[in-house]
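Using numbering that gives the first Met the number 0, you'd call the opening residue of the sequence shown number 0 and step up by one each time. Where is the CB? At the ideal position from N, CA and C, for every residue including glycine.
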Amino acid sequence: MKRMDFFHASPYQRIRFLFRTLYSFGPKQLPMSEYCAAARILRGWFTKKAILKCGKQVNIDQGARYGLDIILGDYFSIGKDSFVQSGTYIGNHVMIAPDCGIYTMNHGFQRTDIPMRKQGLTKPKPVIIEDDVWIGTKTILLPGVHIGKGAIIGAGSVVTKNIPPYTIAVGNPAVVKKSRIASKKTGFGRKVEKD
Ligand SMILES: CC(C)(COP(=O)(O)OP(=O)(O)OC[C@H]1O[C@@H](n2cnc3c(N)ncnc32)[C@H](O)[C@@H]1OP(=O)(O)O)[C@@H](O)C(=O)NCCC(=O)NCCS
Numbered sequence: 000m001k002r003m004d005f006f007h008a009s010p011y012q013r014i015r016f017l018f019r020t021l022y023s024f025g026p027k028q029l030p031m032s033e034y035c036a037a038a039r040i041l042r043g044w045f046t047k048k049a050i051l052k053c054g055k056q057v058n059i060d061q062g063a064r065y066g067l068d069i070i071l072g073d074y075f076s077i078g079k080d081s082f083v084q085s086g087t088y089i090g091n092h093v094m095i096a097p098d099c100g101i102y103t104m105n106h107g108f109q110r111t112d113i114p115m116r117k118q119g120l121t122k123p124k125p126v127i128i129e130d131d132v133w134i135g136t137k138t139i140l141l142p143g144v145h146i147g148k149g150a151i152i153g154a155g156s157v158v159t160k161n162i163p164p165y166t167i168a169v170g171n172p173a174v175v176k177k178s179r180i181a182s183k184k185t186g187f188g189r190k191v192e193k194d
């Protein structure tokens, strides 16, 4: 929900919006979770009230921002200053490192006779992150991508396409470099064979 929708929103949405606003002015600014357990608890509590669904024992770190229409699984953690846009669905045991951006929307840019700034946002394309995914620092996920269970996204990657389960993908655009599935010959983290 955008700020300007507030007066047209349902009472339930307004309450969630208010909790997110309180989060932004208060607990979001408190020290990092590793130095202050109270900050971690407060950020988790406000987040639970604000978003669609929030699992247990989440860690929302200092400066993290999020849209209201997101779902977070159990034991989720998000690092300092990362951002998750509305329309993102995140499973259990997912780790998002600091300074990441998860985007579900673009600016409209179909018309050239008016500025893009006035064309609004596109409809969200949901981003899905399955269980046990690790997203490295400064990664960007673009609208509509699906990250398979157990995948790792290397630091600084830009993910433009779906990433299969138990793979390690890196780069801009992110491509699969390795599989995490153990191989008898090469052990953990073997390289994916190219055809
Ligand atoms: C993705 C990652 C886990 C891979 O680790 P690894 O399996 O030890 O990878 P390797 O060092 O064997 O690298 C494998 C290949 O991928 C490349 N690569 C690794 N990480 C990369 C990245 N982030 N971006 C681009 N290329 C990368 C390596 O250069 C290497 O390429 P080559 O095969 O052409 O030589 C690690 O590189 C990474 O990015 N970690 C994230 C760190 C982070 O964000 N920490 C914050 C913690 S909250």
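With a cutoff of 8 Å on beta-carbon distance, Ser156 and Val175 are scored as not near each other. Residue burial is scored here from C-beta neighbours: Ala49 has at least 16 other C-beta atoms within 10 angstroms and is therefore classed as buried. Rounded to whole angstroms, the gap between the alpha carbons of Ser76 and Arg42 is 12 Å. Here the C-alpha atom of Leu21 lies approximately 26 Å from the C-alpha atom of Pro125. Beta-bridge partners assigned by DSSP to Lys52: Ile70. When DSSP states are grouped into helix, strand and coil, Ala38 belongs to the helix group. Rounded to the nearest whole angstrom, the C-alpha separation of Gly72 and Gly54 is 5 Å. At a cut-off of 3 residues, the continuous stretches assigned as beta strand (DSSP E) that sit fully inside the stretch 75-156 are 87-89, 126-128.
The alpha carbon of Gly25 has as its nearest neighbour, out of Tyr34, Phe45, Leu120, the alpha carbon of Phe45. Just so you know, the alpha carbons of Gly119 and Ser9 end up roughly 22 Å apart. In summary, Arg39 is buried, with 16 or more beta-carbon neighbours lying within 10 Å of its beta-carbon over all protein chains present.
Secondary structure note for Ser178: its beta strand (DSSP E) is the uninterrupted segment 174-178.
When only Cα atoms are considered, Asn171 and Thr111 end up about 28 Å apart. In the three-state reduction of the DSSP assignment, Tyr65 falls in the strand class, which pools E and B. Proximity of the beta carbon of Val93 to ligand 1 is not indicated: no heavy atom of the ligand is located closer than 7 Å. Across the structure, Thr166 and Gly107 are spaced so that their CA atoms are roughly 33 Å apart. Closest by C-alpha distance to Gln61, out of Arg13, Ser81, Ile180, is Ser81.
DSSP, reduced to helix, strand and coil, places Thr159 outside both helices and strands of the structure shown, so it counts as coil.
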